[in-house]
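Each remark here refers to the structure printed beneath this line.
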Amino acid sequence: MCGIVAAVTQRNIINFLLHSIQRLEYRGYDSSGLALIDQNNKFVRVRSIGKVNQLIKKTKNKKLFGKIGLAHTRWATHGKVSEENAHPHVSSHISIVHNGVIENSFKIKSFLKEQGYIFYSDTDTEVIVHLLHWEQKKTGKSLLEIMNHSLTQLKGNYSMVVMDSNNSSKLIAVCSGSPLIIGLGIGENFIASDQIALLSVTKNFIYLKEGDIAIVQSEKIKIFNKNRSIAQRKIITSDVQYEYIKKGKYKYYMEKEIYEQPKSIRNTLKNRLKNNETIYFSELGIKEKNIFSHLEHIHMVACGTSYHAAMVAKHWFESLANIPCDVEVASEFSSRKLAVRKKSFFVTLSQSGETADTLTALRISKKLGYLGNLTICNMKGSSLVQESDNYLLTKAGVEIGVASTKSFTTQLTVLLMLVAKIVSIKKKENNIEKKIVKILTILPRRIEEILKKNKQIQDIAKKLHNKKHMLFLGRSDQYPIAMEGALKLKEIAYIHAEAYLSGELKHGPLALIDKDIPIIITAPKNSLLEKTKKTIQEICARGGLIYVFSNEEINLETNITSLKVPYVEEIIAPIFYTIPLQLLAYYIALIKGTNIDQPRNLAKSVTVE
Ligand code: F6R
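Going by UniProt numbering, the first residue of the sequence shown is number 1, and it counts up by one from there.
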């Protein structure tokens with residue numbers, strides 16, 4: 001979704017701005033732009049539709065110079081994709097970049113039109129900048145002074161950075177509804193919506209809190225909280241490693257992130273498995289007993305891939321901990337009246353920690369009498385982490401490919417540790433915890449083994465890339481994996497795919513079976529395998545085309561392509577069987593030539609509801 005970068009420095013900032021918004025490309029966008037204040041205290045603005053490269057081309061030969069500036073990648077919400085709608089927007093001496101949506105922009109726009117303002121775009125952002133100008137003209141006060149009153153008129157999300165060509169030494173950042181961070185340099189400071197944009201210049205960040213306004217100058221920063229008192233905010237040193245944001249030998253980030261999974265899981269486990277038998281979460285410390293000992297129910301809420309991780313965890317909570325667990329898509333949670341179970345504990349899951357639907361669900365949950373809440377998240381300074389009472393980090397490293405891969409398997413790793421910990425706390429004995437510690441220790445090796453099957457999976461991809469539809473089947477804890485496999489295929493290969501519970505096939509979808517709809521089945525050797533074989537026979541009997549991933553030889557019929565995968569312990573099978581489905585989607589998309597890291601219409605972090 002939209003991305004913001006801003007800088008106030010003592011050097012020419014043009015190359016930095018261009019380079020930094022390029023770093024935000026992975027979030028998804030359709031146009032970009034920048035504005036600088038030049039030596040004559042005038043705005044210079046360049047905007048372009050399409051990739052940031054287009055913008056770079058437009059800035060070449062212009063000899064742009066400015067020590068203070070704003071840049072933006074836009075994901076169209078109000079108004080089509082056009083240069084006029086791209087940010088920054090300008091009203092006389094004020095320029096602005098904005099992330100979010102202003103819900104009452106039409107009303108304010110008609111008021112401003114009556115005051116004589118001319119609108120050159122269809123955006124809600126231009127409404128904000130004219131409103132600021134109008135308030136300033138009317139009152140004669142400084143931008144900061146009028147900010148408070150102007151902001152109370154806006155409804156919706158409006159994280160933004162404002163620049164004033166009458167005062168070229170400062171930027172004003174407003175954080176309300178979507179994230180903004182300040183990057184601290186030496187004699188220069190930066191603002192961005194995502195730390196990745198700033199990693200080339202700093203590792204020290206201040207995460208603004210909801211309602212904050214910050215005045216950012218090259219040598220100093222002043223932050224006001226939502227009550228407009230001076231606020232002190234912690235400086236967080238990022239541990240994000242630069243290597244995570246380089247593609248290295250891989251063609252796409254998604255490919256790199258798939259192959260990185262053994263390493264990501266090792267990082268997730270690092271310093272958390274003690275003496276080969278206990279699990280320790282430094283984020284919770286000694287509080288963990290208090291947090292978990294009284295819960296009798298878990299309610300997990302998430303979106304997309306994170307929701308699939310929660311679905312797997314439901315099986316673990318119920319089968320290993322005997323704790324009832326409900327799982328819900330965040331947008332649904334927020335759309336209905338719900339009855340909260342007794343002693344229920346609320347858990348959110350998110351790679352980005354900025355997904356608007358999940359954040360809204362957390363905010364609603366706080367008013368509903370849950371015993372407590374916890375988020376499992378990949379981004380340390382994110383809104384979900386900041387707003388949750390407790391958090392656990394997945395430590396997957398930065399995930400750039402829009403399709404989640406390593407964030408899913410590390411979420412599952414953390415969830416399995418969490419289940420084991422809760423079992424020990426509630427049952428006051430740690431046999432299950434010991435067993436899970438042992439299994440998790442070998443998980444990265446198991447994943448390395450399955451990754452070696454990549455050639456065979458490429459061969460399957462060659463047979464499937466021109467199919468229009470596919471069905472993914474799974475039973476019990478493999479069903480969420482079927483859903484994840486189908487989601488990956490839809491989003492990066494643009495092939496219609498559906499996941500079905502194997503046992504439900506005969507209740508309807510069996511009618512679809514023919515040679516044109518391949519059926520992908522993950523079938524680990526466990527107590528359910530015989531039932532899965534029965535489903536396979538039913539499909540074969542109707543001429544279906546089956547591809548099975550199993551650690552048992554499955555050669556019941558000729559129309560089965562069976563890929564024998566290495567042995568895996570039953571409890572971690574959901575994590576393990578995700579890998580071939582990720583690879584399958586990746587290789588199909590590669591053959592089709594889609595834009596794998598930035599699939600059409602999708603954004604990495606969905607910050608609007
Ligand atoms: C799919 C995918 C999305 C996200 C979803 C939630 O590959 O990436 O479905 O999982 O948008 O995002 P987070 O986990 O950041 O809350």
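For each residue, glycine too, the CB sits at the ideal point set by N, CA and C.
Contact check between the region 44-55 and the region 170-183: fewer than three CB pairs, one atom from each, fall below 8 angstroms, which does not count as touching.
The shortest CA-to-CA distance from I536 to any of G593, Q458, N555 and L143 is the one to N555. Within the same chain, and ignoring the five residues on either side of R228 in sequence, the residues whose Cβ sits closer than 7 angstroms to its Cβ are N148. The beta-bridge partner set that DSSP reports for V97 consists of V161.
Around the beta carbon of N53, a 10 Å sphere encloses fewer than 16 other beta carbons of the protein chains shown; the residue is thus reported as exposed.
Around the beta-carbon of S350, 16 or more other beta-carbon atoms lie within 10 Å, marking it buried.
Classified as buried, D477 has 16 or more neighbouring CB atoms from the shown chains inside 10 Å of its CB. Ligand 1 has a heavy atom closer than 7 angstroms to the beta-carbon of L487. For C540, no beta strand (DSSP E) encloses it; the enclosing alpha helix (DSSP H) starts and ends at L529 to A541.
Relative to the non-hydrogen atoms of ligand 1, the Cβ of A403 comes within a distance shorter than 7 angstroms of at least one. According to the DSSP assignment, I128 belongs to the alpha helix (DSSP H) that extends over D124 to T139. It is roughly 52 angstroms from the alpha-carbon of Q195 to the alpha-carbon of G543. Here the distance from the Cβ of T360 to the nearest heavy atom of ligand 1 is not below 7 angstroms. Taking a C-beta distance under 8 angstroms as the contact criterion, I422 and T394 do not qualify as a contact pair. Separation of P566 and I572 (C-alpha to C-alpha, rounded to the nearest whole angstrom) is 13 angstroms. In the three-state reduction of the DSSP assignment, H78 falls in the coil class, being assigned neither a helical nor a strand state. Residue pairing by DSSP places G183 opposite F190 and F205 in a beta bridge.
Contact annotation: A461 and Y587 have beta-carbon atoms nearer than 8 angstroms. When only Cα atoms are considered, L371 and E283 end up about 19 angstroms apart.
R445 carries a helical assignment under DSSP once its states are collapsed to helix, strand and coil.
Across the set T358, P88, T278 and T237, the C-alpha of T237 shows the shortest separation from the C-alpha of N204. In this structure G304 is buried. Its beta-carbon is surrounded by 16 or more other beta-carbon atoms within 10 angstroms. Looking at the DSSP output, N373 bridges to F346. Here the alpha carbons of R11 and N189 stand approximately 12 angstroms from one another. Contact between the region 124-131 and the region 92-101 is present: 3 or more CB-CB pairs across the two stretches fall below 8 angstroms.
Nearest to T268 by C-alpha distance, out of Y253, N378, F346 and F106, is N378. Close CB contacts of E288 within its chain, under the 8 angstroms cut and outside five residues either way in sequence, are with F281, K421 and I425 (chain order).
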